[in-house]
Amino acid sequence: MRRRHNRRTPHSIAEPALNAITLANDDPDDRKNAKPERGDRIEEQLAFKSRFVLVFGEISDKLALATCRRLLALSEESEAPISMLISSPGGHVESGDAIHDVIRFIRAPVTAIGTGWVASAGAHIFLAVPKERRVCLPNTRFMIHQPAGGAGGQATDIAIQAKEILRTRERIARVISVQTGQPLEKVVADMERDFWMSADEAVAYGIVSRVIERQKDLA
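Heads up: the sequence shown begins at 52 in the numbering used here, then just goes up one per residue.
Here it is as structure tokens:
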């Protein structure tokens, strides 16, 4: 069963996930049959040189692979800071876990920059970074909630899946509590429904350290 951080929102579903890797975020088989344009190669070189990683759209296995590959490559190239720009409605819990863990695994420090919306599994990725390196742009919205997933099959299988969802909810709640300083009981209560926050509210909650407006504010 693939558990998902479902997003229940009146807005339309975001476009497919994007990443600063551009070509590397495409299917490997597709890349074999397509010669990169000169502009794409230049964009790729500049993206790598800037040490920016974009995590845009639904969190999926494909996005996780591309993002983790870029993080590992940048960290191997240099231990200089990496900036990760995140705008995501959420997605697969396990894919979010992979990005979250790799951020903490690599040697290079990562700064998370929220923009658009940082929701569900997107917020889980955002919280992989220490609070002092978590910032957002003024119009960013944040949302946390409990994971959801469908259960089917035999009664025993349904019970196993339901138990696993509850364990995942507790694990994610503990991450939020530790990273924000909020009491675990409050986090669990807030996650019962979609809990939306503006940029300033996210600062007060402890998700974000500060709101920035310009790239120079990262310094």
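All residues carry an ideal CB built from backbone N, CA and C; glycine is no exception. The model shown is predicted, which means the values in this text are computed figures rather than measured ones.
For Y256, the closest C-alpha among the options E264, P132 and F246 is that of F246.
It is roughly 18 Å from the alpha-carbon of F156 to the alpha-carbon of I223.
Secondary structure at A170: strand, using DSSP grouped into helix, strand and coil.
Judged by DSSP secondary structure, I137 falls within the beta strand (DSSP E) whose first and last residues are I133 to S139. For R222, the enclosing alpha helix (DSSP H) begins and ends at A206 to T231. The Cβ neighbour count for T207, taken over all protein chains shown within 10 Å, is under 16; the residue is labelled exposed. Pairwise C-beta distances place the region 135-146 in contact with the region 100-116, as three or more of them are shorter than 8 Å. Between the region 212-223 and the region 158-170 there are fewer than three C-beta pairs closer than 8 Å, too few to call the two in contact. R185: member of the beta strand (DSSP E) spanning R185 to C187, first to last residue. Assignment of beta-bridge partners to R261 by DSSP yields V186. V186 places its beta carbon less than 8 Å from that of I164.
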